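Residue numbers (our numbering), protein chains in the order written: chain A, 15 to 126; chain B, 16 to 127.
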């Protein structure tokens with residue numbers, strides 16, 4: 015079945031540094047979504063990318079979808095303590111009968 | 016606008032027992048998906064319901080079953096509980112299919 019790999023598993027940064035997490039799928043995706051989960055919380059939707067090579071920005075967050083629609087990245091510029099949490103990518107392939115496949119997430123830890 | 020709600024918040028069961036978890040979707044959403052999230056892992060898709068029919072299923076055994084009601088609320092039933100079923104069970108609703116998922120707070124199930 016479809017697999018979604020996410021790296022790194024953990025990332026420690028100093029406040030103000032940049033952060034990037036990468037997502038790779040074993041199959042071509044029809045769309046990819048990104049979610050953030052705070053400790054003790056539930057996943058919250060950030061964005062959905064659909065088109066090959068798509069780039070979307072939300073303030074300090076930049077999301078990219080690869081040309082082959084098999085990989086994606088999330089980049090945060092100048093991290094803040096409010097960015098702490100786990101970032102998940104979730105891919106959808108084919109007709110979606112297998113549902114969204116989530117990666118294991120990247121845990122972002124910020125040191126003030 | 017009411018968000019996704021789930022009950023109960025926490026539940027402790029013993030091996031072999033059966034459990035029913037409940038979810039009320041966000042108003043205006045007709046699609047409900049269920050996910051299992053083990054500690055430190057990403058959510059894993061169990062199944063999705065649309066208009067009271069199962070619309071997609073992940074790699075879970077038949078002892079995981081569900082229902083969707085005419086008001087779009089949903090239940091997840093798990094029979095013959097195993098220790099590995101201990102996890103956070105998340106319900107998510109959406110306007111359509113696998114687009115932006117609105118997650119509820121989850122039910123923490125512990126199987127002893």
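Glycine is no exception: its CB is placed at the ideal position from the N, C-alpha and C atoms.
As the structure is a prediction and not an experimental result, all values here were calculated from the model.
Can a CB atom of chain A be found closer than 9 Å to the CB of residue 83(B)?
-> no
Which residues mark the beginning and the end of the beta strand (DSSP E) in which residue 103(B) is found?
-> 102-109
Identify, in the order they occur along the chain, each residue of the same chain with its Cβ nearer than 8 Å to the Cβ of residue 125(A), setting aside the five sequence neighbours on each side.
-> Within the same chain, Cβ atoms closer than 8 Å to the Cβ of residue 125(A) are found at 26, 27, 28, 29, the five residues on either side in sequence being excluded.
Report the rounded CA-to-CA distance for residue 7(B) versus residue 66(A), giving the unit in angstroms.
-> Here chain B has residues from 16 to 127 only, and residue 7(B) is not among them.
Decide if residue 42(B) is buried, meaning its Cβ has at least 16 other Cβ atoms within 10 Å, or exposed.
-> exposed
Compute the Euclidean distance between the alpha carbons of residue 100(A) and residue 120(A), then round it to the nearest angstrom.
-> Residue 100(A) and residue 120(A): Cα-Cα distance of roughly 5 Å.
Between residue 88(B) and residue 48(B), is the Cβ-Cβ spacing less than 9 Å?
-> no
Checking contacts by CB at 9 Å: is residue 41(A) closer than that to chain B?
-> no
Contact with chain A by residue 115(B), beta-carbon distance below 9 Å = yes
Does the beta-carbon of residue 77(B) have 16 or more other beta-carbons within 10 angstroms, so that it is buried, or is it exposed?
-> In this structure residue 77(B) is exposed. Its beta-carbon is surrounded by fewer than 16 other beta-carbon atoms within 10 angstroms.
So is residue 118(A) in contact with chain B if we call contact Cβ pairs under 9 Å?
-> yes
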